[in-house]
Amino acid sequence: MGVVSKIKEASDLPIIADFKIADVPHTNQRIARCAYDAGADAVIAHAFVGRDSLEAIIKVAEEKGDRGVIVVPNMSHPGASMFIGSVSERMAKLAVDVGATGVIGPATRPKEIMALRSWVGKELLILTPGVGV
5 MGVVSKIKEA SDLPIIADFK IADVPHTNQR IARCAYDAGA DAVIAHAFVG
55 RDSLEAIIKV AEEKGDRGVI VVPNMSHPGA SMFIGSVSER MAKLAVDVGA
105 TGVIGPATRP KEIMALRSWV GKELLILTPG VGV
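Letter by letter, the sequence shown follows residues 5 to 137 of the numbering used here.
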């Protein structure tokens with residue numbers, strides 16, 4: 005978390021802690037709380053952990069005030085299609101239901117980003133960090 009603090013001291017830009025939080029609720033809360041306390045403006049969390057684990061992060065974000073939670077409903081690497089590709093719509097809609105700030109979209113797949121927008125509406129930000137293979 006020291007890196008987050010140092011970046012926060014050096015910049016006025018928003019900091020998104022890309023920790024891809026993916027654990028049980030109480031552990032997720034601890035991770036999110038540490039990230040926010042270090043200066044992160046938002047955290048990234050996986051949707052596959054389910055409603056209770058995401059709501060635990062949202063609760064900490066609300067307690068800290070004006071903090072974001074960005075949810076990963078799918079991934080772009082080939083192995084992701086084995087398990088999460090078929091439920092990415094449900095996970096994107098879960099992000100809306102729990103009150104997330106945004107979702108991560110696959111930068112290399114514009115059609116999937118369009119589908120993601122149809123699932124989350126205009127309520128959530130769609131971030132497309134990085135371009136992978």
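Positions of the beta carbon are idealized from the N, C-alpha and C atoms, including for glycine. This one's a predicted model, so the numbers in the text were calculated from it and none came from an experiment.
Worksheet item: How long is the line joining the alpha carbons of K10 and V75, rounded to whole angstroms?
Response: One-based indexing of the sequence shown puts residue 10 at position 6. One-based indexing of the sequence shown puts residue 75 at position 71. Distance between the alpha carbons of K10 and V75 is about 25 Å.
Discussion item. In the DSSP output, which residue or residues are listed as bridge partners for V107?
Written reply: Taking the sequence shown and counting its residues from 1, the one referred to as residue 107 is at position 103. DSSP output for V107 lists V75, I130 as bridge partner(s).
Worksheet item: By DSSP, does P88 sit in helix, in strand, or in coil?
Response: In the sequence shown, the residue the question calls residue 88 occupies position 84. Per the sequence presented here, residue 88 reads as Ile, with Pro not at that position. In the displayed model, I88 falls within coil according to three-state DSSP, outside both helix and strand.
Item to complete: Reducing DSSP to helix, strand and coil, say where I19 ends up.
Response: One-based indexing of the sequence shown puts residue 19 at position 15. Here I19 sits in coil by DSSP.
Worksheet item: Between L120 and G106, is the Cβ-Cβ spacing less than 8 Å?
Response: Looking up residue 120 in the sequence shown gives position 116. Looking up residue 106 in the sequence shown gives position 102. Here L120 is not near G106, since their CB atoms are 8 Å or more apart.
Worksheet item: Cβ of A51 within 8 Å of Cβ of P29?
Response: Mapped onto the sequence shown, residue 51 falls at position 47. Mapped onto the sequence shown, residue 29 falls at position 25. One thing to note: A51 has its Cβ no nearer than 8 Å to the Cβ of P29.
Practice prompt. Please determine, among V64, N78, G109, G54, the residue with the shortest C-alpha to C-alpha distance to Y40.
Written response: In the sequence shown, residue 40 corresponds to position 36, counting from 1. Relative to the Cα of Y40, the nearest Cα in the group V64, N78, G109, G54 belongs to V64.
Worksheet item: When the distance is taken between beta carbons, is I25 closer than 8 Å to V47?
Response: By one-based count along the sequence shown, residue 47 stands at place 43. By one-based count along the sequence shown, residue 25 stands at place 21. Yes, Cβ-Cβ distance for V47 and I25 is below 8 Å.
Worksheet item: What number of angstroms, rounded off, separates the C-alpha of L131 from the C-alpha of I19?
Response: Position 127 of the sequence shown holds residue 131. Position 15 of the sequence shown holds residue 19. For the pair L131 and I19, the Cα-to-Cα distance works out to about 13 Å.
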